[in-house]
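Numbered continuously in the numbering used here, the sequence shown closes out at residue 373. Note that beta-carbon positions come from the ideal geometry of N, C-alpha and C, so glycine has one too.
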Amino acid sequence: MVTTRNRNLLDYIRNLSTDVCARVHTKRLEVGDRDTGNTNLGKQRWSAGPRLYVADILLSLSLSRYSITQVNGQRIYGPPPDWTGPPPPKGCEVFVGKLPRDIYEDAIIPLFEQIGRIYQVRLLMDFSGTNRGYCFVHFTSPEDARMAIFKMDGYEICKGRFLGVVKSIDNCRLFVGGVPKTRTKEEITEEISRHVEGVTETILYNSVVNKRINRGFAFVEFESHREAAVARRKFMTGKYLLWNQTEISVDWAEPEREVDARVMSKVRILYMRNILLQTSEKRIQSAIEEVVESKMIERIKKMRDFAFIHFADRESAEAAKLYWHMAFIYLIKYINFQINYKAKKENNTKKF
């Protein structure tokens, strides 16, 4: 039933959509010519005229109270009006491909709301007013995203047209090469933040031989994929130098693979890194035995500055990880300090 309020809102939105519709005129979209050879699909969707159809879409979206914005060629629906706090974690977004060019939010949103609550939908648009054949649907939980892939991949959205739904690679990490080896994590973060926005973390690895210097590269994490993409484009021009003298190479870092929680629950091997070259397997075992019994440690394999520790069960591995994760960092810093202090003292003794 259309109430007086809704009728007034519809009239208001129709007037707002006049400018949009003037750009696409009143021509019927023959989407089928490009995709299926059947022109009836596009003509049917626009048979009442584009202005009425656009108004109907805007009305249905506005009644949901979700915000609607247009940014850089994409129409963004969401987030929910009652949403507080940070966005959902990684793994909640899916990529929807093979989308018919005349399918819009009025069909996409109800379809995927059957799976779970939607945080955001990003529909990529072209200048003619049609979509670009794909969109991104962001759910509020990773479980809903996995279910959407399971249920909607291969879904027949209209006759002869099947959706392709896969996990969205929301890469927010850049590889930065050519970093001066004497620079610290804090210095790199501060300098990159002077040129771009959204930097949340810098991952820097020390040299295997000399822990006082880095390896000449870093990984920089951003708040969103968009901010990472903007930073990548900016630095790839070669116009920006770190500390006004250092030219860097920037590209996408290989995204981290997300492992199913059910698989991770069975893993009994810990990876330990940033170990001193002179640290032996026996020394590592002695440290682990402070947390778990020796019979629960099956094997330790050390290679250069990292090691793999095999446990008899998952609980022992979790206990060792929880206890030593941060403790090892402070232990390594202390050992490095002692080694450097001893070497410096020996050098001073040789001078005299």
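- Query: Under a three-way DSSP split, which group does H346 fall into?
  - Reply: Translated into positions along the sequence shown, residue 346 becomes position 325. Looking at H346 - three-state DSSP - the assignment turns out to be coil, as it is neither helix nor strand.
- Item | Distance between A252 and L262 (C-alpha atoms, nearest Å) | Residue mapping note: residue 262 aligns to position 241 of the sequence shown, counting from 1. Residue mapping note: residue 252 aligns to position 231 of the sequence shown, counting from 1. Approximately 13 Å between the Cα atoms of the pair.
- Query: Based on the DSSP output, what are the partners of K376 in its beta bridges?
  - Reply: The structure shown does not extend to residue 376, since the chain is modelled only from 22 through 373, so no value can be given for it.
- Chain-order list of residues whose beta-carbon lies under 8 Å from that of P110 (same chain, five-residue window excluded): In the sequence shown, counting from the first residue as 1, residue 110 sits at position 89. In chain order, P163 place their CB closer than 8 Å to the CB of P110, counting only its own chain and leaving out the 5 sequence neighbours on each side.
- Message: Among the candidates G118, H246, N192, whose CA atom is the shortest distance from the CA of E275?
- Response: Position 254 of the sequence shown holds residue 275. Ranking the options by Cα distance to E275, first place goes to N192.
- Query: At a cut-off of 7 Å, is A249 close to the ligand HEM when judged by its beta-carbon and the heavy atoms of the ligand?
  - Reply: The ligand HEM is absent from the structure shown, which contains no ligands of any kind.
- Spatial distance of S189 from S307 (CA atoms): Here residue 189 is taken as the residue at index 168 of the sequence shown, counted from 1. Here residue 307 is taken as the residue at index 286 of the sequence shown, counted from 1. Straight through space, the alpha carbons of S307 and S189 are spaced by roughly 43 Å.
- Item | The beta strand (DSSP E) enclosing A249, as first and last residue numbers | One-based indexing of the sequence shown puts residue 249 at position 228. Unbroken run through A249 is the alpha helix (DSSP H), 246–257; no beta strand (DSSP E).
- Looking only at its own chain, which residues have a Cβ that is under 8 Å from the Cβ of N265, when we skip the five neighbours before and after it? One-based indexing of the sequence shown puts residue 265 at position 244. None.
- Shorter than 8 Å from the beta carbon of A308 to some beta carbon of chain B? Although the question refers to chain B, the structure presented lacks it and comprises just one protein chain.
- Who are T223's beta bridge partners in DSSP? What you label residue 223 is simply residue 202 of the sequence shown in a count that begins at 1. T223 is bridged by DSSP to V241.
- Cβ atoms of V271 and A239: under 8 Å apart, would you say? For the purposes of this step, residue 239 is taken as the residue at position 218 of the sequence shown. For the purposes of this step, residue 271 is taken as the residue at position 250 of the sequence shown. The answer is no: Cβ separation not under 8 Å.
- Message: I need the DSSP call for I97, collapsed to helix, strand or coil.
- Response: To locate residue 97, count along the sequence shown from 1; it is residue 76. Three-state DSSP puts I97 in a strand.
- Please confirm whether Q141 and P100 have their CB atoms less than 8 Å apart. The count along the sequence shown starts at 1 and reaches residue 141 at position 120. The count along the sequence shown starts at 1 and reaches residue 100 at position 79. Result yes, Cβ atoms of Q141 and P100 sit closer than 8 Å.
- Message: Does Y125 pass the burial test, meaning 16 or more other C-beta atoms within 10 Å, or should it be called exposed?
- Response: Within the sequence shown, residue 125 is the residue found at index 104, counting from 1. With 16 or more other Cβ atoms within 10 Å, it is buried.
- Item | Distance between beta carbons of L132 and Q95, contact taken as under 8 Å | Numbered from 1 along the sequence shown, position 74 holds the residue referred to as residue 95. Numbered from 1 along the sequence shown, position 111 holds the residue referred to as residue 132. Contact flag wrong, Cβ pair sits at about 19 Å.
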